[in-house]
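Here is the structure we will look at.
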Amino acid sequence: MAGERLWVLMATGRSPTNIAVIKYWGKRDEALILPVNDSISVTLDPDHLSATTTVAASPSFPSDRMWLNGKEIELSGGRFQSCLREIRKRARDVEDEKKGIKIKKEDWEKLHVHIASYNNFPTAAGLASSAAGFACLVFTLGKLMNVNEDYGELSSIARQGSGSACRSIYGGFVKWCMGKNDNGSDSMAVQLVDESHWDDLVIIIAVVSSKQKETSSTSGMRDTVETSPLLQYRAQTVVPSRILKMEEAIKNRDFESFARLTCADSNQFHAVCLDTSPPIFYMNDTSHRIISLVEKWNHVEGTPQVAYTFDAGPNAVLIARNRKTAALLLQRLLYCFPPQDNDLESYMLGDKLILSDAGVQSVADVEALPAPPEMKTPNQKFKGDVSYFICSRPGAGPKVLTDESHALIDSATGLAKGV
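All you need for the numbering used here is the position in the sequence shown, starting with 1, plus 2.
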């Protein structure tokens, strides 16, 4: 490889984010990112929420470098280093005849990489951007270095970047098995069902705030593990039986059980945050209003129409049993949280067709919406409290983007495009 003309070898991948319905909160090993309980998530459609990553290797790169959403960031963090080390360890020979590139597996130790990643949604706002990002990093590095591992093994490496990233290696519904081994070798994700298994579900996310959260998940979890007696009870007693019931509900597409478990587990996760010293507040008044809206509607209908779940932030993830229910949900949400300015187009992202399903084409239509019958005080509206909505659905796992136009690195310079 030495003394050859300079070349840049690249790969680009895209990975989805995921939303936990049985939550991961608390590590038993900080360095290896091993959790205190199993968790289950749904992978969201990558067209709506995903990370795209390009990784490039070249003998001309003097060091490893990374750009996130166009800004260069420090790569010295232990989590990036773990992922890079684990993938480099498994690298194999690579030959690109068209470009006349030949890399022996031992050469990968000496080759530096440039990484450029882009999220199509806000970073660190409690929408699992690190999950999508690290899953994408590991998946794409694996493709570049011709790594032959199965997805379970890749998920175990992604876990060392961000715990929930291990669940973004698959589509559909995914379980992260906490594992028993001290070295973490059995702490990995498994796919329960793929995205086509329960494709009636529609997911609406209310982005209440896209600013960075006050308490990072990492430090929040550490405080909870050290100070919350409720967490021990949750991890040892509550979650194991919930996991079994949730697997059953997903397998049978039993929405009623699924919704009850999802809401209960979200609420217990936030209770554990409150039980931490000092207490952690991820939800705000708007989050609580959305819970109350869903609870009242579910109660009046007599059977759950919608499940809600909140991660480490105020954004509501609402899962509707089908599209018709999702349209009714959206009418209620728009009634209570009309757009701040008269722009409906940027208020609904992702699958915008849900607006016409809800019979809403303009701000005038929003203003004409009747108060939901279950509302006691009909004229309570909270304009501007929701930044925007995203409509999505269960989606597929990571994939390679072969079209060069998707690449985030310029193959001529080896630097992030637009830098």
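Here a beta-carbon is modelled for each residue, glycine too, at the ideal position from N, C-alpha and C.
As a quick exercise: from the options, pick the residue whose alpha carbon is nearest that of residue i.
| i | options | result |
| --- | --- | --- |
| G222 | Q342, F283 and G15 | F283 |
| V368 | T311, K326, M377 and M350 | M350 |
| K419 | P61, P18, L70 and L8 | L70 |
| A191 | F175, L203, T220 and D202 | F175 |
| L346 | F384, A309, S389 and E376 | S389 |
| Y337 | H301, C265 and K385 | K385 |
| R16 | V402, I411, D412 and E303 | V402 |
| T142 | A328, T14 and A373 | T14 |
| D109 | P61, L129, S52 and R224 | P61 |
| D359 | L331, E376, S348 and P341 | L331 |
| Y310 | A273, C265, A398 and P374 | C265 |
| L96 | K145, P400, L129 and C275 | One point to set straight first is that residue 96 is Val, not Leu, in the sequence displayed. Ranking K145, P400, L129 and C275 by Cα distance to V96 puts K145 first. |
| P372 | R334, F391, S348 and D405 | R334 |
| R427 | M285, S294 and L203 | Residue 427 lies beyond the range of the chain shown here (3 to 421); nothing can be said about it. |
| A251 | H199, P280, R94 and N269 | H199 |
| K298 | P374, I321, E151 and S157 | P374 |
| S158 | A59, C85 and E197 | C85 |
| S294 | V274, A398, N269 and P281 | N269 |
| G399 | K100, A59 and E197 | E197 |
| H301 | A237, R236, E376 and A273 | E376 |
| D40 | R236, L276 and M285 | R236 |
CB-CB under 6 Å to residue i, same chain, minus the five flanking residues each way: which ones, in chain order?
| i | result |
| --- | --- |
| L394 | Per the sequence shown, residue 394 should be read as Ser rather than Leu. Correct list, in chain order: L46, D47, H50, I205 and G352. |
| D387 | T288 and F339 |
| A118 | T56, W69, L410, I411 and A418 |
| G186 | L34 and L36 |
| P153 | Correcting the residue identity first, residue 153 is Tyr in this sequence and not Pro. The answer, listed in chain order, is I171. |
| F123 | L51 and L129 |
| F271 | K25 and W27 |
Please report the distance separating the alpha-carbon of residue i from that of residue j.
| i | j | result |
| --- | --- | --- |
| A160 | D343 | 40 Å |
| S211 | G165 | 23 Å |
| H408 | V365 | 35 Å |
| E155 | T239 | 28 Å |
| F260 | R323 | 10 Å |
| S52 | L11 | 23 Å |
| I89 | K106 | 15 Å |
| K182 | T226 | 21 Å |
| I356 | F257 | 20 Å |
| R224 | E303 | 40 Å |
| G361 | K354 | 12 Å |
| A208 | Y120 | 21 Å |
| E216 | W27 | 17 Å |
| V308 | H290 | 15 Å |
| G424 | G72 | Nothing about residue 424 can be reported from this structure: the residues present for the chain run from 3 to 421 only. |
| L8 | R81 | 30 Å |
| V296 | E406 | 44 Å |
| T278 | G173 | 33 Å |
| I103 | V421 | 26 Å |
| P341 | R325 | 22 Å |
| K440 | T305 | Because residue 440 is not part of the residues shown, which for the chain are 3 to 421, the question remains open. |
| A414 | M147 | 20 Å |
| P242 | S189 | 15 Å |
| F391 | S219 | 23 Å |
| L320 | E99 | 49 Å |
Please list, in chain order, all residues of the same chain as residue i whose beta carbon is under 8 Å from its beta carbon, the five residues on each side excluded.
| i | result |
| --- | --- |
| K253 | L194 and V195 |
| E249 | I42, K177 and L194 |
| D201 | R395 and P396 |
| K29 | I35, L36, P37, V38, G165, M223, R224 and V227 |
| Q83 | L77 |
Spatial neighbours of residue i within its chain, please: C-beta separation below 7 Å, excluding the five flanking residues on both sides.
| i | result |
| --- | --- |
| R244 | I24, L263 and D267 |
| S132 | S164 and A167 |
| I292 | A208, Y310 and A318 |
| D44 | Contrary to the premise, residue 44 reads as Val rather than Asp in this sequence. Around V44: N20, I21, V23, F175 and P396. |
| A328 | V204, I206, A322 and I356 |
| R92 | V149 and E151 |
Notebook entry, point to check: Fully enclosed by the stretch 143-199, which beta strand (DSSP E) runs are 3 residues long or longer?
Noted result: 175-179 and 190-195
Check: So, do the stretch 132-140 and the stretch 162-172 have three or more beta carbon pairs nearer to each other than 8 Å?
Finding: yes
Check: When the Cβ atoms of the stretch 20-38 are set against those of the stretch 371-385, are three or more pairs found closer than 8 Å?
Finding: no
Notebook entry, point to check: Is the number of C-beta pairs between the stretch 230-238 and the stretch 316-334 that are closer than 8 Å three or more?
Noted result: no
Check: Counting pairs of Cβ atoms below 8 Å between the stretch 102-115 and the stretch 56-71, do you hit three or more?
Finding: yes
Next item on the list: Entirely within the stretch 304-349 and at least 4 residues each: give me those alpha helix (DSSP H) ranges in chain order.
Entry: 325-338
Check: Can you list, in chain order, the stretches of the alpha helix (DSSP H) that have 4 or more residues and sit fully within the stretch 237-279?
Finding: 241-253 and 257-276
Item checked: Secondary structure, beta strand (DSSP E): runs of 3+ residues fully inside the stretch 25-90 -> 29-31, 41-45, 52-60, 67-70 and 73-75
Margin query: For a minimum of 3 consecutive residues, which ranges assigned as the beta strand (DSSP E) are wholly contained in the stretch 338-405?
Written below: 350-352 and 390-394
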